[in-house]
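Asker: Mind having a look at this structure? Questions to follow.
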Amino acid sequence: MMTVGPYVDRAVEPPSFLEKWSPLVQAKILLYFTACFIALQSFPNPFWNEDVREFMYVIGVLGLWRYSWWFTHFARAKIYEKITYPQMAAQGKALWDSGWRPNHIHFQMTTFREHREISEAVIRGICLQIREAGVPATIWLGSSELPDELKIARHLKLVGSDLDITLKIIRQNQPGKRIAIALILRAMSRAGIGNDDMVVFMDGDFVMHPACLSKCLPLFALDSDLHALTTDEHVIVKGPWWMQSWLNMRFAQRRLAMQSHALSGRVLTLTGRMSVFRAQHIVQEEFIRLQEADYLNHWLWGTFRFLSGDDKSTWYTLLKYGVRMTYVPDASGTTIEVVDGSGYRRMVENLRRWSGNMLRNGARAIALGPRRMPFFIWWCLIDQRLAMWTTLVSPLIAIAGAMKVGSSFIIGYVIYIAVTRMILSMVLFSYSRSVDINYVWTLYANQLLNAGVKIYMLWRLSKQRWANRGNQTQGMSGLTWAAIMKDWMAMYLTAISFGGLFIAVMVYTELLAVPSFGQALAILGLR
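In my numbering, the protein residues as written are 109 to 635.
Take a look at the structure:
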């Protein structure tokens, strides 16, 4: 029998300063920086060698750009955390305490073969929110199998019999989460829900913490232009320990980025685990159709539908409408991630899915232009696409430096990474429950792997797999000559992308000489 663990049915209280920054933690950080200092003193500095001095400026310029961008996000996030959001939260709390409530709360939830203990924890979390609000509610359950429906209905009857709550089961007639969501939204539209009704989009493995909705719902009453918000998220991994550390690091990054983006009245994703919407737009045919059959016309892959990324389609539609979106940092829940099989394979599959969703939606969002959204948000979208290339330049230059001056350059580069990534990790520690020294190398490995996966997926946008949704696939098979040629073209373009970046670095560092026009003619036998 699986147990869901702590911090599921209750809010995750932040540890005190002394609990988080205990003497042991401080000693570890001091020891880490001491080791870096000793390494700096013990090895010769290769960076000012005449053979590599010029292209060291590239690492410096790229580092200055990336770190200044990082700390820009950090400064914006702190402004939102300390000034902007507390004002919003105080007004929302005053409104809630005065007795304001929405007329009705709708929960749009999809589930697929979740463990019984997880589904029961999710239902208890929903009932807690309804009990706190004291208003009627409807759970619209998108399901494809009777056992999922029965276990949810039974537990809802057990823990929610005292509530004014209705369970409406929408059985899918086709596979896929997108179909389930679209069917639910069509059912809501037919039911005639009001434009200002609150609709909670959530997954079947997300457990809401107490007071989650009481912090979210009043914000819609205070701002008529607010149409969506997303919340904080914690994760419990039933799998390898390093995946827990990796996801904790990613969620710390998410908190920083979300608060920075929210300062501009937008976010870059409306997380599918849990987001709250004003009903006005989401029951319109355009919105529903995009959930149901979002697609892309691609010069190589033709027209293909999106398998996952329903949250990105939702975000893109509202971005196009020009409405406000925000992030509520103190409304939270826990996702229970069950990892069956290889943790490494699951991590790569997640990165492929997330990167593919970002690339498929990012280009069309950029095409909307800065007039449809705040300029900062538009530039963030551009930066996402630039970063996947610039991230790989630094390690390639390190390889070039080692080829020029020997292994001392690699040693110096490793020390540089150790120091800079610890500084960045110190920022992330302020958004994490605990201080995990593993963040240093997890952060660097995540950056490199994520950049590589994005470039790989750039030429394979039609190829999609969703491992934890029944291993659904889209565009993954095809033995026709046309499909084989497209796969070969994708391989060729991937090789050109990585190879072109490598050659550009080799030419810049003068490890590879570009032949003159006359030399090129001679090589081709034309002279």
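Ideal placement from N, C-alpha and C gives every residue a C-beta, glycine not left out.
Using a Cβ-Cβ cutoff of less than 8 angstroms, which residues in the same chain neighbour T528 once the five nearest sequence positions on both sides are dropped?
Answerer: G171, Y175, listed in sequence order.
Asker: Have a look at the DSSP bridge pairing and note the partners of S251.
Answerer: Answer is R279.
Asker: So, does the region 205-219 touch the region 243-253, judging by three or more C-beta pairs under 8 angstroms?
Answerer: Contact holds: three or more Cβ-Cβ distances are below 8 angstroms.
Asker: Tell me whether the beta-carbon of Q216 lies closer than 8 angstroms to the beta-carbon of I289.
Answerer: Yes, the pair counts as a contact, with Cβ atoms nearer than the cut-off.
Asker: Please report the Cβ distance between K128 and V543, rounded to the nearest whole angstrom; I am assuming they are in contact, meaning their Cβ atoms lie under 8 angstroms.
Answerer: With 8 angstroms as the limit, K128 and V543 qualify as a contact, their Cβ atoms being about 6 angstroms apart.
Asker: Does the beta-carbon of M565 have 16 or more other beta-carbons within 10 angstroms, so that it is buried, or is it exposed?
Answerer: M565 comes out buried.
Asker: Would DSSP call Y539 helix, strand or coil?
Answerer: Residue state, collapsed to three classes: coil.
Asker: Do you know how far the Cα of R573 is from the Cα of E457?
Answerer: Taking the straight line joining both Cα atoms gives about 7 angstroms.
Asker: Report the three-state DSSP secondary structure of K571 (helix, strand or coil).
Answerer: It is coil, neither helix nor strand.
Asker: Going by alpha carbons, who is nearest to E225 out of Y403, L139, D313, A526?
Answerer: Nearest C-alpha to E225: D313.
Asker: Along the chain, which unbroken stretches of the alpha helix (DSSP H) at least 4 residues long are found entirely within the region 485-554?
Answerer: With a minimum length of 4 residues, the continuous alpha helix (DSSP H) runs that stay inside the region 485-554 are 515-537.
Asker: CB-CB under 6 angstroms to F638, same chain, minus the five flanking residues each way: which ones, in chain order?
Answerer: With the chain running from 109 to 635 in the structure shown, residue 638 is simply not present.
Asker: Pop quiz: M196 and W248 are said to be a contact at Cβ under 8 angstroms. What is the actual Cβ separation, rounded to whole angstroms?
Answerer: With 8 angstroms as the limit, M196 and W248 do not qualify as a contact, their Cβ atoms being about 28 angstroms apart.
Asker: Let me know the secondary structure DSSP gives N405 once reduced to three states.
Answerer: Strand.
Asker: In chain order, what are the residue ranges of uninterrupted beta strand (DSSP E) at least 3 long that sit wholly in the region 293-350?
Answerer: Segments of the beta strand (DSSP E) lying fully in the region 293-350: 306-311, 314-316, 334-346.
Asker: Please report the Cβ distance between Y188 and R363, rounded to the nearest whole angstrom; I am assuming they are in contact, meaning their Cβ atoms lie under 8 angstroms.
Answerer: The pair is not a contact, with the Cβ atoms about 11 angstroms apart (cut-off 8 angstroms).
Asker: Where H263 and D256 are concerned, what is the direct C-alpha to C-alpha distance, given to the nearest angstrom?
Answerer: Cα to Cα, H263 sits roughly 11 angstroms from D256.
Asker: So which of V343, M316, G633, Q199 has the shortest CA-CA distance to R232?
Answerer: Answer by Cα proximity: M316.
Asker: Quick check on the burial criterion: 16 or more other C-beta atoms within 10 angstroms. Buried or exposed for I191?
Answerer: By the 10 Å Cβ count, I191 comes out exposed.
Asker: N405: buried (16+ other C-beta within 10 angstroms of its C-beta) or exposed?
Answerer: Its Cβ having fewer than 16 others within 10 Å, N405 is exposed.
Asker: If we ignore side chains and look at the alpha-carbon of each, how far apart do Q199 and L569 end up?
Answerer: Their Cα atoms are separated by approximately 44 angstroms.
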